[in-house]
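First residue of the sequence shown: 0, per numbering that gives the first Met the number 0; consecutive thereafter.
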Amino acid sequence: MIKTLLSALSAAFLFLTPLTGRAEEAFVTDQQGHMVTIIDLESTKPVASIPMTGDVAGIAISRDGSRAYVTAPEDHSLTILDAVQRRVIKRITVGGAPLGVAVSPDGGTVFVADWFANHVTALDSVSGAVKAVIETGKSPSGLAFTPDGKNLICADREDNQISILDPVHFKHLASIKTGQHPFGVMVSSDGRRAYAADVESNDVAVIDLPSRTLLARIPTGHRPYVVTVHGQRGYVTNEMSDSVTVFDTVSLKPITSFGVGSYPEGIQTSADGKTLYVVNWMDDTLSILDAENGHQKALVKAGNSPRSFGTFLR
């Protein structure tokens, strides 16, 4: 029952961006383990776990790496973690089914997509107090900021579109059609393009943000969930193909694909783009891969039903 509901919710990402510094740890949300598992990326071993309430799924880590924000859709909650001390600071009931989560670049506001209520809630990142509610399309899921923090991109899965939101004045600015059932979203480092993983049409939608137009739809494997981009390469997890599709961000064509674990979901690159981290939901593992050729550097045990829908490296 739990996996059925959250599988529907997870069709993928999420705000996924390369880190500004060297990643030292992966924070993995373990849905059925009701915890966050912390993996040291140098030793490639789990080093700690933080008990959580509910079936955790989404995660966002603040730009400075000091805080992690974790959603639990069926528990209707957002939990704030001290990522350095590895402890729970506060659990907040936000109602509905909170899934996608993103933190503003200045760290002051956390945004949570409510799958059932069709809106994004803006909360104070310290107190958890609600600042505003922004209406979106149906079933908002993945969230991603532009680097300057002036726009927040939201995947509206059941409306087959993304919404562009103003996270400063808390307004809905525009909607742009994608493929079928977009879930995970990503914004390029220059802030000019958004990428959305279209679960049902098996492609990645590429949107030009200045003109607010759909540029292309790049073919992927079966049921793409989460997308991340570094430079001229993009990567998307294909949940039902147990693979990652690699695409060129200039030609907007697929390059290759390589196998990973079962039901890959969360995905993120290292800051230099040389290493790829993939969370495998049904295999209970984290794959650490060479981003150039897909060679597996390590396979790490990562709790029970790991998801990491969002930014999970610090």
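The C-beta atom is built at its ideal place from N, Cα and C for all residues, glycine as well.
Option in the options with minimal Cα separation from residue i
i    : options               : result
T52  : E73, G220, D247, L298 : E73
F225 : A71, I58, L77, I49    : Looking at the sequence shown, residue 225 is not Phe but Val. Comparing Cα positions, the closest option is I58.
T70  : I88, V83, G99, D63    : G99
K149 : K137, H171, Y194      : H171
M281 : A67, E238, S140       : E238
S138 : Q84, A121, F169, P181 : P181
N326 : D81, T78, A195, T145  : In the structure as shown, the chain starts at 0 and stops at 313, and residue 326 therefore has no counterpart that could be examined.
Q213 : G107, R191, E199      : Looking at the sequence provided, one finds Leu at residue 213 rather than Gln. Answer by Cα proximity: R191.
V102 : R66, T43, G233        : R66
Q84  : N117, I287, E24, A121 : E24
I175 : V167, D189, A154      : A154
A193 : I88, V27, R216        : R216
A116 : R156, D147, I88       : R156
D241 : V278, V55, K296, L164 : V278
Q231 : T177, E199, A290      : A290
I79  : D63, A297, G127, G272 : G127
Residue i: first and last residue of the uninterrupted beta strand (DSSP E) it sits in
i    : result
Y234 : 232-237
R191 : Run containing R191: none; DSSP gives neither H nor E here.
Q179 : Here Q179 belongs to no beta strand (DSSP E), and DSSP marks it neither H nor E.
Y68  : 66-71
V46  : 44-50
P263 : 263-268
Q30  : No beta strand (DSSP E) holds Q30; DSSP gives it neither H nor E.
P319 : Residue 319 lies beyond the range of the chain shown here (0 to 313); nothing can be said about it.
D165 : 160-165
Which residues DSSP lists as bridging residue i, in chain order
i    : result
F144 : L151
H118 : D113, E134
R90  : T78
I287 : Y276, A297
V226 : V235
M281 : Partner(s): none; M281 has no beta bridge.
F216 : According to the sequence displayed, residue 216 carries Arg and not Phe. Paired residue(s): A204.
E24  : D39
F257 : V243
G309 : I58
H356 : Because residue 356 is not part of the residues shown, which for the chain are 0 to 313, the question remains open.
P315 : Given that the chain is displayed from residue 0 to residue 313, the structure contains no residue 315 and the question cannot be resolved.
Contacting residues, own chain, Cβ-Cβ under 7 Å from residue i (five flanking each side not counted)
i    : result
Q267 : L15, T227, Y276, T310, F311, L312
P218 : N201, D202, P253
Residues near residue i by beta carbon distance below 6 Å, same chain, minus five either side
i    : result
P45  : T36, I38
G293 : F257
A143 : F14, I152, V184, M185, V186
T255 : V245
G233 : F246, T248
Sequence-distant residues of its chain with Cβ nearer than 8 Å to residue i (five each side left out)
i   : result
S76 : T52, G53, T70, R90, I91, T92, V93, P97
Residue i CB to nearest heavy atom of the ligand ZN below 7 Å
i    : result
V249 : As for the ligand ZN, it is missing from this structure, which has no ligand bound.
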